[in-house]
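Q: Per the working numbering: the sequence shown = residues 1 to 110.
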Amino acid sequence: MEPCPAASEDGTSMSERVAAFLRDRSTDSVLGPRRYGREETVGYVVDTAVSMGLRVWTDRNPVENPDVIILDHWSQLDSHSSVIESNPDADVLFGQDLCHQVPAVVRHRQ
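#1: With distances taken between CB atoms, is the gap from A90 to D72 smaller than 8 Å?
#2: Kindly indicate if chain B contains any beta-carbon less than 8 Å away from that of R38.
#3: Just the C-alpha distance for L77 and E16, rounded to the nearest angstrom, thanks.
#4: Which residues bound the beta strand (DSSP E) around R107?
#5: Put Q110 into one of helix, strand or coil per three-state DSSP.
As structure tokens, then:
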């Protein structure tokens with residue numbers, strides 16, 4: 001399911017932006033559509049990562065040796081430190097609410 005609006009100002013779709021974000025660890029964040037919601041944006045990133053064949057660790061789906069750990073919110077970083085530390089090669093992402101009702105998924109820089 002593609003969130004609305006489907007394209008950003010430069011014409012790239014949400015699915016294209018999320019896939020590029022997941023492939024390129026130098027990218028700091030990906031924005032969701034305004035008013036889409038942080039939880040929905042995180043869920044969209046999780047679904048996209050799974051469809052790309054990545055092993056995704058979430059609270060609802062803890063897996064061994066994940067490629068990516070996705071948290072619902074930055075406030076979970078401390079409570080999930082043992083998972084993060086035991087998977088040093090995993091990409092760590094978390095949801096963030098930005099101003100003007102814009103959600104994002106941000107890459108944790110350790």
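Glycine residues also receive a C-beta, built at the ideal position from the N, C-alpha and C atoms. Since we're looking at a predicted model, the values are computed, not measured.
A: Reading it off the structure:
#1: no
#2: Absent from the structure: chain B. Only one protein chain is present.
#3: 27 Å
#4: P103 to R107
#5: coil
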